[in-house]
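Asker:
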Amino acid sequence: MSTDPSRIKKVMFVNRKAPYGTIYALESLEVVLITATFDQDVSLVFLDDGVYELLKGQNTKAIGIKNFSPTYRALDGYDVEKLYVERESLAARGIGEEQLLVDVEVLSSAQMGELMAQQDVVLSF
Amino acid sequence: MKFGLMVSEGPYTHQASDSAYQFAKAALEKGHEIQRVFFYHDGVNNATRLTEPPQDDRHIVNRWSALAAEHQIDLVVCVAAALRRGIKDEVLAPGFRISGLGQLVDSGIKSDRLVTFGD
Numbered sequence: 001m002s003t004d005p006s007r008i009k010k011v012m013f014v015n016r017k018a019p020y021g022t023i024y025a026l027e028s029l030e031v032v033l034i035t036a037t038f039d040q041d042v043s044l045v046f047l048d049d050g051v052y053e054l055l056k057g058q059n060t061k062a063i064g065i066k067n068f069s070p071t072y073r074a075l076d077g078y079d080v081e082k083l084y085v086e087r088e089s090l091a092a093r094g095i096g097e098e099q100l101l102v103d104v105e106v107l108s109s110a111q112m113g114e115l116m117a118q119q120d121v122v123l124s125f
Numbered sequence: 126m127k128f129g130l131m132v133s134e135g136p137y138t139h140q141a142s143d144s145a146y147q148f149a150k151a152a153l154e155k156g157h158e159i160q161r162v163f164f165y166h167d168g169v170n171n172a173t174r175l176t177e178p179p180q181d182d183r184h185i186v187n188r189w190s191a192l193a194a195e196h197q198i199d200l201v202v203c204v205a206a207a208l209r210r211g212i213k214d215e216v217l218a219p220g221f222r223i224s225g226l227g228q229l230v231d232s233g234i235k236s237d238r239l240v241t242f243g244d
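Chain order of the listed sequences is A and B.
When we follow our numbering, the leftmost residue of the first sequence carries the number 1, and every step to the right adds one.
When we follow our numbering, the leftmost residue of the second sequence carries the number 126, and every step to the right adds one.
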């Protein structure tokens with residue numbers, strides 16, 4: 001089995017943790033930005049507590065940690081335009097799509113599973 | 126098959142590095158290739174030669190170094206994650222090198238499977 005290195009791969013980043021409390025969300029975003037420069041087919045998924053990463057109006061002043069949420073708005077400029085959010089995760093947390101700071105496609109858990117199955121590389125953070 | 130690995134948790138606290146090591150060893154024994162092991166998040170702490178576990182415990186860092194020497198495995202530590210956590214060239218154990226996140230992406234592109242070990 002061999003892989004043609006010239007072939008564009010489908011790379012998916014699965015974000016499942018809250019933006020603060022651990023560094024996973026921030027360091028995931030760093031990989032996304034680097035991957036964007038490799039001309040691959042990049043998509044981002046937000047599920048479980050990962051949906052909190054996209055909430056509008058984040059204010060981190062009181063915890064003394066940088067608010068990196070504006071970076072999600074910049075993804076567009078890196079040609080990262082495929083953002084998917086799991087419907088069940090939003091519902092479980094009482095979050096509406098209008099509360100998110102970027103345009104996303106809301107998918108059911110089953111649809112998300114299908115999308116994941118089509119990927120070459122899935123990185124979960 | 127050509128495997129790329131990512132380790133995203135530190136040694137001893139979490140089993141990620143142990144599992145990755147066991148996986149790499151088993152894959153190599155079966156004749157597969159480990160294209161690279163990329164250390165990210167707290168995983169960068171697997172690379173410091175200052176690590177000194179008790180005598181009767183496994184030495185996670187030296188074990189990686191030995192495996193890399195025996196099979197010419199590329200052990201790459203993410204520079205941004207490393208500098209945040211005080212991991213620099215001067216504390217690296219043999220076989221490890223510090224480089225950019227591009228090496229992780231490259232691993233995903235060039236290997237048949239990128240296998241991640243973490244939470």
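Positions of the beta carbon are idealized from the N, C-alpha and C atoms, including for glycine.
#1: Between A:ARG87, A:ILE63, A:GLU30, A:ALA117, which lies nearest to ILE49 of chain A when the distance is taken from Cα to Cα?
#2: Hey, VAL216 of chain B and LEU175 of chain B are a contact pair by Cβ (cut 8 Å); roughly how many whole angstroms apart?
#3: Thinking C-beta only, is ARG93 of chain A closer than 8 Å to VAL51 of chain A?
#4: Are the C-beta of GLY135 of chain B and some C-beta of chain A separated by less than 8 Å?
#5: Below 8 Å on the Cβ atoms is my contact criterion, and I expect ALA36 of chain A with TYR78 of chain A to pass it. Report the Cβ-Cβ distance as a whole number of Å.
#6: Please determine, among B:ALA149, B:HIS166, B:VAL186, B:SER142, the residue with the shortest C-alpha to C-alpha distance to GLU158 of chain B.
#7: With DSSP as the reference, identify every bridge partner of ASN67 of chain A, one or two as the case may be.
#8: From GLN228 of chain B to GLU53 of chain A, what does the alpha carbon distance come to, in whole angstroms?
#9: For GLN119 of chain A, which residues in the same chain have their Cβ closer than 6 Å to its Cβ, ignoring the five residues on either side in sequence?
#10: Helix, strand or coil: how does DSSP classify THR60 of chain A here?
#11: Where does GLY129 of chain B sit, in a helix, a strand or coil, going by DSSP?
#12: Excluding five sequence neighbours on each side, which residues of the same chain lie with their C-beta closer than 8 Å to the C-beta of LEU115 of chain A?
#13: By DSSP's criteria, LEU192 of chain B is part of a beta bridge. Which residues make up the other side?
#14: Once the 5 residues before and after MET126 of chain B are set aside, which same chain residues still bring their CB inside 7 Å of it?
#15: Counting only Cβ pairs nearer than 9 Å, list the residues of chain A close to ILE223 of chain B.
#16: Residues of chain B with a CB under 8 Å from the CB of LYS9 of chain A: which are they?
#17: Give me the subset of the region 156-187 of chain B whose CB atoms are less than 8 Å from a CB atom of chain A, sorted by chain position.
#18: Comparing C-alpha positions only, which one of A:GLU81, A:MET112, A:SER124, A:VAL102 sits nearest to LYS56 of chain A?
#19: Could you give the first and the last residue of the continuous beta strand (DSSP E) run that contains LYS82 of chain A?
#20: Near ALA141 of chain B, which residues of its chain fall below 6 Å by C-beta distance, leaving aside the five closest residues on each side in sequence?
#21: DSSP state of LYS235 of chain B, grouped into three classes?
#22: Can you give me the C-alpha to C-alpha distance between SER2 of chain A and GLN180 of chain B, rounded to a whole angstrom?
#23: On the CB-based measure, 16 or more other CB atoms within 10 Å of its CB, does ASP214 of chain B come out buried or exposed?
#24: According to DSSP, simplified to helix, strand and coil, what is LEU217 of chain B?
#25: Which whole-angstrom value describes the C-beta separation of LYS170 of chain B and ALA218 of chain B, a residue pair presumed to lie in contact below a C-beta threshold of 8 Å?
#26: What are the boundary residues of the alpha helix (DSSP H) that includes ILE159 of chain B?
Answerer: In brief:
#1: The identity of residue 49 of chain A in the sequence shown is Asp, whereas the question assumes Ile. It is A:ARG87 whose Cα lies nearest to the Cα of ASP49 of chain A.
#2: 6 Å
#3: yes
#4: no
#5: 4 Å
#6: B:ALA149
#7: Answer is none; ASN67 of chain A lacks a bridge partner.
#8: 26 Å
#9: LYS10, MET12
#10: coil
#11: strand
#12: MET12, SER43, VAL45, TYR84, LEU107
#13: Its beta-bridge partners do not exist; DSSP assigns none.
#14: HIS157, ASP237, ARG238
#15: Simply none; closest approach about 15 Å.
#16: GLY233, ILE234
#17: TYR165, HIS166
#18: A:VAL102
#19: 82-86
#20: VAL132, GLU134, PHE242, GLY243
#21: helix
#22: Any reading at SER2 of chain A must be qualified, since the residue scores a pLDDT of 49, below 50, and its modelled position is unreliable; the value itself is stated next. Computed Cα separation, rounded: 42 Å.
#23: exposed
#24: strand
#25: According to the sequence shown, residue 170 of chain B is Asn rather than Lys. Actually they do not touch by this definition, with Cβ atoms about 11 Å apart.
#26: Where ILE159 of chain B is concerned, there is no enclosing alpha helix (DSSP H), although the beta strand (DSSP E) it sits in stretches over 158-164.
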